[in-house]
Structures are given as structure tokens and as C-alpha cells.
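Asks:
2 protein chains.
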Amino acid sequence: MKNVEEVVEKFQEQRYKITPQRREVFSILVNNENHPKAEEIYTELEARMPDVSLATVYNTLNILEELGMIDAVSIVGDDAVHYDPNTEPHDHLYCICCHRIVDIIRDRHDSNFYEKELLGFRIIKRHITYYGYCPDCQEGLEII
Amino acid sequence: MKNVEEVVEKFQEQRYKITPQRREVFSILVNNENHPKAEEIYTELEARMPDVSLATVYNTLNILEELGMIDAVSIVGDDAVHYDPNTEPHDHLYCICCHRIVDIIRDRHDSNFYEKELLGFRIIKRHITYYGYCPDCQEGLEII
DNA sequence: CTCTTTGCAAACTGTTTGCAATGCC
DNA sequence: GGCATTGCAAACAGTTTGCAAAGAG
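Here the protein sequences line up with chains G and Y, keeping their order.
According to my numbering, the first sequence is numbered sequentially starting from 12.
According to my numbering, the second sequence is numbered sequentially starting from 12.
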């Protein structure tokens, strides 16, 4: 998701209508590196459009995912789905302490290429998540 | 989790009591390669002990996870937590179609070793999941 | 005999659904 | 104007919690 207009076009191609609510969700996601959950997107959206509903956020996210404009990210120990508007192959660092998710782009060999067949499975995509402590949270731990 | 007695000892070390319910959950998990969810463990348990409660399953799983005897596994598109009694480093193959999770042990270089520091994060563990179609489900797709 | 654990039901969180009213195209 | 989309509330799935009764050590 590079810019709002790109997403608008993709929606129109598929005969999905462009509402002010949807356009605003697009603009919250474009260039967003925070891997927000639906609830967080809703909070930001509500500040701009007081009467929106959380269901509209879910509806929009589900279409975006179906169209391949965002990726869903699952984290062990966090039951909400996080959304990533960067659909280029890359990995994630997750801080067990402050729960932030950070993108990490490894060299081409690691991130872009992986076996397309393993144990007879035909592989479509790969998710790599590293669990640990981010720099800020390590400082807090150093006291120990 | 190699055998029930090993788990019993670990529980006793930590002053957790051994109940018939817990012992039965242990035996369901030992050598289980199906990555079951709580609900699935409950179903199997119920067949052996008709009056158990799902809450007891969750209680036991949470202690097992805290003691490091099982790992939790999260899958995009599946909201339930799956449990893996194999805590040796390994990766997972997930079938988008039939939802089965299969262990895959890569060579030592891939599975056991990874950077312990990335972008300033201190890394504790790594999860790799490959999403795709298992051999059985590919057969069904071949018609297309 | 004490204190943990159990079963049950209710609470809770994240997400989906049903539906009348609204509003894109 | 027709049909998708909205907001709201209720429904749903997975998990946790509160509590009286049961039971392990």
C-alpha cells in the first residue's frame, strides 16, 4: 500500500465502492509501519470520523486482505490479528515486553527465496517471526 | 514431552499437584504430533473422563507452557492456539486447505542457529511457518 | 487438615453477522 | 434507483475467571 489512490483503483476494479470511511482506513494504513490491530485502526479512525463503527473497519480490512493489499500477522501470546500494509517479503521482530512489531528485511537469499516445495507441500508463503526484547526494553531489564 | 513421568516430576518439583485429569492430559500430549488445540485435547479427554471441564484443560496447558514443556503455535487465519509438545527447535508446514500442521526439521544451520541479536533486539526464539498445500490437498486442486 | 484444583457458569476479548437505514455509482 | 455499505446490536469463538465443592499431599 504505497498510496491511497492505488488502493482506490484496486477497489473500483473489483466493483467495491469507495466510501469516506474506507478511504480514511486506507490513509491510516498507507506507510504505516506499526502493524496495527483492528481496534487500533478504529481508535485512530474514530478521532477523524466520530460515528464510524468497528464493523466497518473489519469489513474494510477483510477486503484489503482478500485483494492482497495487506497481510495478516499472528503473534504467539497476542490474540488479535495485526495488519501489515507492506506486502513485500520480509520478516518480523516482536518485543515480548512492549509488544511492538518491527519489520526486518534480510538479504535477498533469506527473505525473498525459500523452497517452493517441502515434504511434498506446495509452499505459497513463509512467515518468520523473531521473539525477543527490543533495545528499549532491554534497558529496563539491565537492572536485574 | 517424552513421557508422562517426566512431566509428573516437573510438576511435583514446582509443587503443582498431580490429578487424574492432569495426568490424562499429559498422556494425550506425549508423542502427539498433531499440534492440537485445547478443544481437541478436551474432546479426546472427555472420551476417557466424561465429566472433565474445558477449563481444566486450559489450566493444565497454561502450566505446561509456563514450565516450558509445550510450545504455543499461532497460525494466520486460525484463531485458536495450537500446542506443540516437541520443544526442540523446528519449523512448521501449515496446509491452508485441510489446516493440518506438520513439523519440519531443517538442517542444523537453519533450525537451531539464528542470530541472537537483530536490529538491537535480543532474540529468545524464532518461529518459521510455511503456508501452502499438503500433498493430499494438491490432488484435489489438480482438477483445476 | 490445608490449600490447590475441579467443574460449572458467567465474563471477557476479538471478530462476524443480521438488519434497517443510508448513500455510492 | 438499485444494490452495496453503513452503524448498531446481538451472536459467536476462544479463553479466562469466580466460586463452592472435591480431593491431593
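Even for Gly, the Cβ is constructed at its ideal location relative to N, Cα and C.
Given the structure is predicted, the values throughout are model-derived calculations rather than measurements.
Please go through the region 58-104 of chain G and give each complete alpha helix (DSSP H) segment of 4 or more residues, from N-terminal end onward.
Replies: Qualifying alpha helix (DSSP H) stretches, in chain order: 65-77.
Asks: Helix or strand or just coil, what does DSSP make of Y:Cys108?
Replies: Counted from its first residue, the second sequence places residue 108 of chain Y at position 97. Coil at Y:Cys108, not helix or strand.
Asks: Quick check: the region 109-119 of chain G against the region 98-109 of chain Y, are there 3 or more CB pairs under 8 Å?
Replies: Taking 8 Å as the limit for Cβ pairs, the verdict is that the region 98-109 of chain Y does not touch the region 109-119 of chain G.
Asks: Between the Cα of Y:Pro47 and those of Y:Glu128, Y:Ile86, Y:Pro31, spot the shortest distance and give me the residue it belongs to.
Replies: Indexing the second sequence from 1 puts residue 47 of chain Y at position 36. Nearest of Y:Glu128, Y:Ile86, Y:Pro31 to Y:Pro47, Cα basis: Y:Ile86.
Asks: What in chain G is Cβ-close to Y:Thr71, meaning under 8 Å?
Replies: For the purposes of this step, residue 71 of chain Y is taken as the residue at position 60 of the second sequence. Correct list: empty, because the minimum Cβ distance to chain G is about 18 Å.
Asks: For Y:Val3, would you say it is in contact with chain G, using Cβ-to-Cβ distances shorter than 8 Å as the test?
Replies: Nothing can be reported for residue 3 of chain Y: it is not among the residues displayed for chain Y, which extend from 12 to 155.
Asks: For Y:Gln25, which residues from the same chain have a beta carbon less than 6 Å from its beta carbon, with the 5 sequence-adjacent residues on both sides left out?
Replies: Along the second sequence, one-based indexing puts residue 25 of chain Y at 14. Taken in chain order, the list of residues that qualify is empty.
Asks: In angstroms with no decimal places, state the Cα-to-Cα distance between Y:Ala49 and Y:Glu150.
Replies: Taking the first residue of the second sequence as position 1, residue 49 of chain Y is located at position 38. Taking the first residue of the second sequence as position 1, residue 150 of chain Y is located at position 139. Taking the straight line from one Cα to the other gives about 30 Å.
Asks: Measure the alpha-carbon distance for Y:Val92 versus G:Ile52 and round it to whole angstroms.
Replies: Mapped onto the second sequence, residue 92 of chain Y falls at position 81. Mapped onto the first sequence, residue 52 of chain G falls at position 41. Approximately 24 Å, taken between the alpha carbons.
Asks: State yes or no: is the beta carbon of Y:Ile139 nearer than 8 Å to at least one beta carbon in chain G?
Replies: Position 128 of the second sequence holds residue 139 of chain Y. True, the Cβ-Cβ gap to chain G drops below 8 Å.
Asks: For Y:Lys136, would you say it is in contact with chain G, using Cβ-to-Cβ distances shorter than 8 Å as the test?
Replies: On the second sequence, residue 136 of chain Y is found 125 positions in, with the first residue counted as 1. Judged by the 8 Å Cβ criterion, Y:Lys136 is in contact with chain G.
Asks: Look at G:Asp82 and G:Thr98 and say whether their C-beta atoms are less than 8 Å apart.
Replies: Here residue 82 of chain G corresponds to residue number 71 of the first sequence, with the count starting at 1. Here residue 98 of chain G corresponds to residue number 87 of the first sequence, with the count starting at 1. Contact flag set, yes.
Asks: Exposed or buried, what is G:Leu128 when buried is set at 16 or more other beta-carbons lying within 10 Å of its beta-carbon?
Replies: By one-based count along the first sequence, residue 128 of chain G stands at place 117. Sequence inspection shows Glu at residue 128 of chain G; the Leu mentioned does not correspond to that position. With fewer than 16 other Cβ atoms within 10 Å, it is exposed.
Asks: Hey, does G:Leu78 have any beta-carbon neighbour from chain Y nearer than 8 Å?
Replies: As a working note, residue 78 of chain G is residue 67 in the first sequence. No - not a single Cβ of chain Y is within 8 Å of the one on G:Leu78.
Asks: Quick check on G:Phe22: buried or exposed, where buried means 16 or more other Cβ atoms within 10 Å of its Cβ?
Replies: On the first sequence, residue 22 of chain G is found 11 positions in, with the first residue counted as 1. The residue in question, G:Phe22, is buried, as its Cβ has 16 or more Cβ neighbours within 10 Å.
Asks: Could one say the Cβ of G:Gly143 lies closer than 8 Å to chain Y's Cβ atoms, at least one of them?
Replies: Along the first sequence, read from residue 1 onward, the residue named residue 143 of chain G stands at position 132. It does; some Cβ of chain Y falls within 8 Å.
Asks: Using alpha carbons as the reference points, say which of G:Lys13, G:Ile134, G:Tyr125, G:Tyr142 lies closest to Y:Gly131.
Replies: Along the second sequence, one-based indexing puts residue 131 of chain Y at 120. The shortest Cα separation from Y:Gly131 among G:Lys13, G:Ile134, G:Tyr125, G:Tyr142 belongs to G:Tyr142.
Asks: List, in chain order, every chain G residue whose beta-carbon is nearer than 8 Å to that of Y:Ala83.
Replies: Counting from one through the second sequence, the residue named residue 83 of chain Y turns up at place 72. Ordered by position in chain G, the residues that pass the 8 Å Cβ test against Y:Ala83 are Val87, Gly88.
Asks: Going by C-alpha distance, which of G:Met80, G:Asp95, G:Leu56 is nearest G:Pro31?
Replies: Here the question's residue 31 of chain G lines up with position 20 in the first sequence. Nearest C-alpha to G:Pro31: G:Leu56.
Asks: Using a Cβ-Cβ cutoff of 8 Å, what residues of the region 94-114 of chain Y are near chain G? List them in chain order.
Replies: Flagged, chain order: Leu104, Cys106, Ile107, Val113.
Asks: CB-CB under 8 Å to Y:Glu76, same chain, minus the five flanking residues each way: which ones, in chain order?
Replies: If you number the second sequence from 1, residue 76 of chain Y lands on position 65. So the qualifying residues of the chain are Asp82, Ala83, Tyr94.
Asks: Alpha carbons only, please: which of Y:Asn73, Y:Ile115, Y:Glu126 is nearest the one belonging to Y:Asn45?
Replies: In the second sequence, the residue the question calls residue 45 of chain Y occupies position 34. Minimum Cα distance to Y:Asn45 is reached at Y:Ile115.
Asks: Closer than 7 Å by C-beta to G:Thr67: which residues in its own chain qualify, once you throw out the five before and the five after it? Chain order, please.
Replies: On the first sequence, residue 67 of chain G is found 56 positions in, with the first residue counted as 1. These residues qualify, in order along the chain: Gln32.
Asks: Counting contacts by CB-CB distance shorter than 8 Å, is G:Leu129 in contact with chain Y?
Replies: What you label residue 129 of chain G is simply residue 118 of the first sequence in a count that begins at 1. Chain Y contact via Cβ: present.
Asks: Please name the residue, chosen from Y:Met80, Y:Thr54, Y:Met60, that lies closest to Y:Glu17 on a Cα-to-Cα basis.
Replies: As a position in the second sequence, residue 17 of chain Y is number 6, starting the count at 1. Here the closest residue by C-alpha is Y:Met80.
Asks: Count the other CB atoms within 10 Å of the CB of G:Phe124; is the residue buried (16 or more) or exposed (fewer)?
Replies: Position 113 of the first sequence holds residue 124 of chain G. So G:Phe124 counts as exposed.
Asks: Which residues does DSSP list as the beta-bridge partners of Y:His138?
Replies: As a first step, residue 138 of chain Y must be located in the second sequence, where it is residue number 127. In the DSSP output, where bridge partners are listed per residue, Y:His138 has G:Thr140.
Asks: For Y:Lys127, which three-state DSSP category applies?
Replies: Locating residue 127 of chain Y in the second sequence gives position 116, where the first residue counts as 1. Y:Lys127 falls in the coil class under three-state DSSP.
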